[in-house]
Each structure stands twice: as C-alpha cells, then as structure tokens.
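Under this note's numbering, the letters of the first sequence match residues 6 to 606, in that order.
The C-beta atom is built at its ideal place from N, Cα and C for all residues, glycine as well.
Okay, structure first, notes after.
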Amino acid sequence: MSVDPNPPASAPSDFIRDIVAADLAARRHTGIVTRFPPEPNGYLHIGHAKSICLNFGIARENHGRCNLRFDDTNPVKEDTEYVDSITADVRWLIAGWADHCLGFKAKGAKPAATTHEGRPDAHLPSLDPATLDARLAASPATAEPFFASDYFDQLYAYALALIRQGKAYVCDLSPEDTDLYRGAPDRPGRDSPWRNRSVEENLDLFRRMKAGEFPNGARSLRARIDMASPNVWLRDPLLYRIRHVPHHHAGAGWCIYPLYDYAHCLSDYLEGVTHSICTLEFVDHRPLYDWILSSLDLPRPLPHQYEFAKLTPGYTLVSKRKLLTLVNEKIVQGWDDPRLPTLSGLRRRGVPASALRRFVIGVGVTKFDSLTDIAVFEHTVRDELNQAAQRRLAVLRPLRLVLTNLAPGESVACLATNNPQDEHPSTRTVPLTREVFIESEDFAEVPPPKYFRLKPGGEVRLKYACIIRCEEVVKDAAGAVTEIRCTADLSTRAGEANADRKVKGTIHWVSATHGVDAEVRLYDRLFTVPEPAAVEDFLKVVNPKSLEVVNAKLEAALADARPGERYQFERLGYFTPDARDSRPGRTVFNRTLTLKDTWGK
RNA sequence: UGCCCGAUGGUGUAAUGGUAGCACAAACGACUCUGACUCGUUUUGUCUAGGUUCGAGUCCUAGUCGGGCAGCCA
C-alpha cells in the first residue's frame, strides 16, 4: 500500500458532499448517481453551470455518474432546438474534466421491466460512460441523453398503481376551481367534491383521459394527500393534466402529460439516481417527492432530494424570462450574444470552460441566497487567460506616429515574447517601420499627474523595440492631434548597448505598413447596477456602452487567428476571434475582458 | 396572522464544542520592456438576548432580519 503522493488539492467539501460521503460510508448506496435535469425551453446560463459542476463534480469525485436528463414534461414550452443547444453546452463545459462521468443511454432506450430481490421493477441505468465517447465517435446516433418523456408509459403505470391504492383520483374541478379549493398558505383548502370516487371509476376516467376523450383542463389526476396540510404542495397536487398537443420527443401518442413533481422523483428512481440535487425553491416540494416514491412499492433504494442556493452573479441576469426579453427586444443580438451570461454567450466571448468551472466551484455550495461579486468571475477568467493566452500587439484607436530617423522602406526586426508566463517562452518577430500606430490614449499633449506614457518632449519605450522621444505634434485645422513625430534610439533595442536604459512608460504599437485592419468588438458589463434583477424595470439599467465596435490595427501575425484561439493584446486585454462573424481574411475579434487597470481612467 | 429555509469582514465562503482562516475587493509599497503578472504590508467579521459547557460561530430557547411557498410551469 502506498500513499497518493499527489492528493487532490483542497478537494471541495460542502454540506451535500458531506451527505454523499456519509451515505457511502453507511453503505446506503453502492455507487453515486446524480443528474442534471434541464427543461428544454431555453438556453443554459452561468447559473446552470454551478448546478452542472456540482452534479458532475460529485459524480467524478465518487467514481459515479451524472445523467443529462431533459425534464420535458410540458411540450407546449419546449423545443428540440433547446435539446441540441443544452447538450452541446453541457459537453463543452465538462470536456476534459468530467466526460467520463456523463450519463447517456442507448438511443431510444426506455426503462426495462426487471425484478429486484424478487419484486417487479423498472430500470434504465446509463451506458458505461467510459465507452460513451468511443460509441459517440463511432456512431453518434446510437447514444443520447435521458428524457423524462421516455418514461411516460412507466409513469402511467405508476399512476394506475397509485389509483388502485386509493392514493390518486381523477378530479373534475376546473383550473380556476382547483385554485379556489386549494386555500392559501395561511388558510386550509377544501376537499374536492371528486375526491372520494371509487377506484374503478378513477381507473376508468384516467384511461379515458389518456384516450383523449376529454378536452384540455376538463379533468386532472391528483394525489390524495391532505387538503389541510400547512404545506400547500401536499394539498392534493396535480399529477397529470390534459394537453392535446404532440410532444417534441415522445411524438403524437400522448394527450395527458405528467407534472414536474410527479415525473421528477420517479425519473430519478428509474435511472437509479442516488442524490437528486436542486435549488432552494424546491425545498417545499421535498415532502411530495418523498410521498410519491414511498407510496409506490419500489424495490430499489429511493433517491433523496437536496437543495442548494442558486448562483446569482452581479451586473447580470439569470432569469430565463428576462434573458428572453433582452433577446426579443434586440437589446442583444441573440442567445449567444457575448454580453449574455449564457454558456453559448460566454463561450463566444472567449471564456474558457475551465475558468467557468473554477469560478462556479469556487463560490461554494450553501443554503444562503447571495449575490456573487462579478469581480471574482473576472479574476478567474483573467488568471486562466494570463497563463494560456499568446501575447500580440494591437492598437484599438490608432494614432499615427512617425519615426523621423528611420528611412521610409526600412524595417527593423524586433523579437517579441509570445507568453512571458511560459517557463521557456517562444518568440516571434515584429517589424518596426518608419510609420507605426500607437494607442491614441497613450499620448497626452497635456498629461495628467503621474502620466507616464508619451507626451511632448517625453520619452517612452515601444514594446519589444526601442525608446523614442516625442519631437513634434501635428494637428489638423480643428486642433485635433493627427500625427506624432518622434526619433527612435535604436541603441536601446534588446541586445544593443543601451538596452537596459530605463524609461517609465512602455507602450504597444503596430507597424503602419505591415499591420492589418480588423473589426474588434469591445464588450463591457450589460448592466450598470450590481443587481439588475432587483430593479423595477431592468431595461432601464442596461449599460448603453456594453458594446463598442472599433476598427483596429493588428500585427500581421493575427491575420490568420482562428476561432477558439485566445490572445492577450498587450496592455489592453484578452481577445478571441468571433466564431460566428469571422471570415477568412476578415477576422472579427471579441474582447473577453480588459486587463486589470490599477491606474484607473 | 400558516409552513419551510437561512444569517460569519465590503463580497463569496471555511472552521463539524477547542488559535475565527481562505479567496475576491480595497489601500499602501516593491518589482516591471504589459500601470498586467508576481511579491510584501494593512484595513474590515461570527444578527440580538438568554441558556448549556472548563470552553459556543458551532448545541438549546426566544427574538430580529432576510428569502421561499397558494401554475393544470419547471
């Protein structure tokens, strides 16, 4: 026996992981199965990332699995477009981290009738995740995520069983009357007049509901629990409603659809889920989750529900409805707009999945609703990108600068470091020419205090090149600066006699003759306040400067940058080619984040 | 005036009856061919009141404050 020389650094611990560990220690389960259960009615966002990382994280720490399951019990709001985007987003987020825990099933598979310890059962475990990748690579059409709608037959059978036990009944109350009979949180409800129908009548009516004999809303199947319960979710909650609409995954065979509370716990059971982790608003539903499962004669260990506080990051929104408003009102340009906290938006913006994971894992898991400082997220992204991003020179707002002592055709080769964070950094050559562009804010005719960039008569170093002195400022008729004329001291280049001469400022630049033009999109926070969700009209606090488009000058090496690559434009920030709008020969860059700026503006 | 959940620096969290720690943020300083990175220093905290205990952020009681719950949404 040897001790692991490299135990995982600070393995995360929280109240849910403690429960999982205790369950394992007590041998309540032989393996851990979690699930991530989105409804396919919108795009995944950073809040979902926390849930994904929690569920997949627990699976990977315990050599378990996490099933991706679509909670698709309401066909009127759902669409396969979302199934596809959600599947892609999840796989992107966990790639290289928890792929080996991803629970998928064989395409078209449904729960199989089995027996467990001599008792009848139904079960749909996941495919072995270890072979899933190979399977998907060889034949993508043979595996798919789980769908609650694949359990409709089994769920129907369970409903019949509940009816036979007198634990469910068909209710003829209209939706309005159902509301009235439910009472209020501080006032008990009243029994439905249909609560005491015979088992035979309930069976007959429920079969006829399924057969399509009744219109939408005419009847429902309800659990028979307690109309006076202080917990409103126990006041004979609906199990099935009538909806004469086809289903995007299950097809046209159904006109009754189960509700969340009924479908979710049983879906967990059918898949062999051990720990069903959801957000705080479901705490009140837990007794119902347990009631349904314990009311049926289920032979395998029952899953249990645990709740945690969802992630609420500052300066943004994570409400599907409000996100949809931003998209529909054209405040942003789609679900994958880089300003949105959607996973597709963050990906397009250039945020690495690894940084997103580190962030959502780092905020911790508690039962306390909190507002997470977006600076923590930004710090995490900068930290990852600082390590990984290649450095390049780019000028966002060009100002022409002429080096008067260089000849017009002259080109001085300068060695630039690709990434100083690398242990053995590689280099590239950038050409210094008579005319270059510098950042217009790196010159000030009347410099503010402590300004150590270029000013009349002042000196500054051109990064990777040499020290220059500002000799002359050229202006147009309106008095605006159009050109700076300087002399270059080539003896201060690396390797030359005066290479070590110090000047306070170093600025970036791009050769006017070798540089290329590019559209660069400068993104900023979408909202001007830390908690836009708390504002009456969130559209009033949209940041009018959340996107600025500039025509930038880039060093030539950037001409064939590809989507997926990430760069640091020195002294400016992190940028990535836009995957949607870039064309060969015309790369569009998105700014992921600026560099931290302790000098301020 | 029902039920449920919660409360630790500015923010997010850790401490599982025994030294209140970490990260971010902020401030100052060092370094610097990125005002980045890195490094150093500093500021700020257990909601209140009782109780149990040698000892309480932790356990108990009461209160205060905050959040959730009355979809045929999830």
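Over what stretch of residues does the alpha helix (DSSP H) that includes residue i continue unbroken?
i, result
"residue 267", "265-276"
"residue 392", "379-393"
"residue 25", "20-30"
Would you call residue i buried or exposed, if buried means 16 or more other Cβ atoms sit within 10 Å of its Cβ?
i, result
"residue 207", "buried"
"residue 83", "buried"
"residue 171", "exposed"
"residue 190", "exposed"
"residue 389", "buried"
"residue 340", "buried"
"residue 205", "exposed"
"residue 556", "exposed"
"residue 602", "exposed"
"residue 178", "buried"
"residue 426", "exposed"
"residue 514", "buried"
"residue 354", "buried"
"residue 60", "buried"
"residue 119", "exposed"
"residue 20", "exposed"
"residue 429", "exposed"
"residue 76", "buried"
"residue 326", "exposed"
By Cβ distance, which residues of its chain are closer than 7 Å to residue i, with the 5 residues on each side in sequence left out?
i, result
"residue 378", "319"
"residue 6", "With a pLDDT of 29 at residue 6, under the threshold of 50, the modelled position of that residue is not reliable, and no figure is offered here."
"residue 102", "362"
"residue 252", "80, 154 and 259"
"residue 187", "194, 237 and 240"
"residue 221", "247, 248 and 249"
"residue 433", "421, 423 and 562"
"residue 410", "492 and 493"
"residue 550", "529"
"residue 547", "336, 531 and 532"
"residue 58", "362, 365 and 366"
"residue 94", "49, 348 and 349"
"residue 275", "116, 127, 128, 129, 156 and 159"
"residue 519", "436, 438 and 561"
Mapping the DSSP letters down to three states, classify residue i as helix, strand or coil.
i, result
"residue 519", "coil"
"residue 296", "helix"
"residue 514", "strand"
"residue 206", "helix"
"residue 545", "helix"
"residue 131", "coil"
"residue 44", "coil"
"residue 109", "coil"
"residue 125", "strand"
"residue 589", "coil"
"residue 227", "strand"
"residue 36", "coil"
"residue 582", "strand"
"residue 525", "strand"
"residue 599", "strand"
"residue 566", "coil"
"residue 246", "strand"
"residue 494", "strand"
Take residue i and list the residues in its own chain whose beta-carbon comes closer than 6 Å to its own, dropping the five residues that flank it on each side.
i, result
"residue 477", "490"
"residue 463", "475"
"residue 419", "435, 437, 469 and 470"
"residue 586", "593"
"residue 495", "471"
"residue 270", "294, 297 and 298"
Identify, in the order they occur along the chain, each residue of the same chain with its Cβ nearer than 8 Å to the Cβ of residue i, setting aside the five sequence neighbours on each side.
i, result
"residue 552", "344, 526, 527, 528 and 529"
"residue 497", "466, 471, 472, 503, 504 and 506"
Which residue marks the beginning of the beta strand (DSSP E) containing residue i, and which one marks its end?
i, result
"residue 436", "432-438"
"residue 556", "552-559"
"residue 282", "280-284"
"residue 403", "403-408"
"residue 219", "First-last for residue 219: undefined, no H or E at that position."
"residue 531", "Run containing residue 531: none; DSSP gives neither H nor E here."
"residue 301", "It is not in any beta strand (DSSP E) - residue 301 carries neither H nor E in the DSSP assignment."
"residue 574", "572-574"
Open item on the list: Give the list of continuous beta strand (DSSP E) stretches no shorter than 3 residues that lie fully inside the stretch 54-106.
Closed with: Entirely contained in the stretch 54-106, the beta strand (DSSP E) runs reaching 3 residues are, in chain order, 70-75.
Open item on the list: Please give me, in chain order, every unbroken run of the beta strand (DSSP E) with length at least 3 that falls completely inside the stretch 307-374.
Closed with: Considered as a whole, the stretch 307-374 harbours 309-313 as its complete beta strand (DSSP E) runs of no fewer than 3 residues, in chain order.
Open item on the list: Quick check on the DSSP output: what are the complete alpha helix (DSSP H) runs of length 4 or more inside the stretch 148-206, in order along the chain?
Closed with: For the stretch 148-206, whole alpha helix (DSSP H) runs of length 4 or above, ordered along the chain, are 157-169 and 180-187.
TODO: Ignoring anything shorter than 3 residues or poking outside the stretch 411-488, list the beta strand (DSSP E) runs there in chain order.
DONE: List check, beta strand (DSSP E) in window: 416-422, 432-438, 440-444, 464-467 and 472-480.
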